[in-house]
Amino acid sequence: MIREDREMIPGTEQASVQRSFAVRETPGTLYLVATPIGNLEDITFRAIRTLKEVQLIAAEDTRQTRKLLTHFDIQNRLVSYHEHNREASGPELIRLLMEGQHIALVSDAGIPAISDPGAELVRDAVGAGIPVVPIPGANAALSALVISGLPTDRFLFVGFPPRERKGLNKLLDGLEGESGTLIFYESPHRVKKSLLVIAERWSGRKAAIVRELTKRHEEAIRGTVAACLEHLEQIPPLGECCIIIEGTSSTAGTGTGTGTGASGDANGGQWWSSLTLAQHVAHYESLQSNRKEAMKLAATDRGLSRRDVYQALLETNEQ
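Written out as structure tokens, the structure is:
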């Protein structure tokens, strides 16, 4: 909605003002309704009321949403809106909103329009002057962040990383200097593969892998990136995962994630280049890593296998 009573500066774009709860006949309102991320009790009273009052519910997966609606005895009309039909269904939803219908948009879990095509529907609605109202609730990224034990004063939500190694490396290049805590989403069958690439750069950074949030098997794996990866190699994960990794400000001075690449210093060199292998391993042990993990971190830095590091240390001790 455009304010009529505002004096405009020549040559500037006029700002729009949304009054979410102003009385009007048209257009309708697009409600972004958060749904449970695991436990059905994640949903709010306001979300239930909104889903009952709107004329239409647009869902990422109608089968999944139907279970939720049935549980709370909500019988409103349900249509699909997802990545593969958004070009056709999006304009139709905008048309219905312009005619005065109120529509709730939901994703399979959590807040819609985050890492799903709902963001494009919001963009089109805003462009058409349609009020967009959030119905807050559960969110996996923030829930994982606050239990990770990592800094929460500054963070960056990255979403799902690229599937290909080249794309992931390009993404990580752009995140090298990020001081805030990083939050990724990842599927259970890809999390190890992604973490392997991340560990090549940031093996010593603190991290947490959080899965099955608010469900019976909720789990948080905490440690260095290398330690978390080793755990996942031994116990394959189940359920959608959040990967939380500390930023550069938390690792400054430790040689575990600053500069260029896995262990680069400010001059582009290697922070450990002046250390013997034994000193390198001892450095990681001093950061509260056990010796097995310390050898693995040193091996990653130097492009060696842990067996090579173990054998070299063994030979040194024998001399």
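The C-terminal position of the sequence shown is numbered 333 in the numbering used here, with every residue numbered one higher than the one before it. Cβ atoms here follow ideal geometry from the backbone N, Cα and C, with glycine treated the same way.
The Cβ atoms of Leu119 and Gly132 sit closer than 8 Å to each other. The stretch 66 to 75 and the stretch 142 to 153 do not touch, with fewer than three beta-carbon pairs separated by less than 8 Å.
Shortest Cα-Cα distance from Ala123 to any of Arg109, Ala102, Val205, Glu226 involves Glu226. Bridge pairing for Val224: Ala234, Cys256 [DSSP].
Rounded to whole angstroms, the gap between the alpha carbons of Gly114 and Glu106 is 13 Å.
Following the DSSP letters along the chain, one finds Leu111 inside the alpha helix (DSSP H) bounded by residues 100 to 112. The Cβ-Cβ distance between Leu70 and Thr79 does not fall below 8 Å.
In this structure, Ala158 sits near Cys256, with a CB-CB distance shorter than 8 Å. Judged by DSSP in its simplified three-state form, Val47 adopts strand.
Using a 10 angstroms sphere on the CB of Thr40, the tally of other CB atoms stays under 16, which defines it as exposed. Setting aside the 5 residues that flank it on each side, Lys207 has no residue in the same chain whose C-beta is closer than 6 Å to its C-beta.
No Cβ-Cβ contact shorter than 8 Å links Ala312 with Ile259. The closest CA to that of Val47, considering only Arg236, Asn53, Lys66, is found on Lys66. In the structure shown, Thr26 falls within a coil segment according to DSSP collapsed to helix, strand and coil.
Leu170 counts as exposed, since fewer than 16 other beta carbons sit within 10 angstroms of its beta carbon.
Distance from Ile235 to Ile223 at the Cβ level is roughly 4 Å; contact confirmed, criterion being Cβ atoms closer than 8 Å.
When secondary structure is reduced to three states using DSSP, Thr195 falls in the strand class. Short of 8 Å from the beta carbon of Arg100, and not among the five residues preceding or following it, lie these beta carbons of its own chain, in chain order: Pro131, Glu134, Leu135. Note that the C-beta distance between Leu164 and Pro175 is not below 8 Å.
Residue Leu196 holds the alpha-carbon nearest to the alpha-carbon of Arg219 among Glu329, Gly253, Leu196.
In the same chain as Asn53, and ignoring 5 residues on each side of it, the C-beta atoms closer than 8 Å to its own belong to Thr228, Lys229, in chain order.
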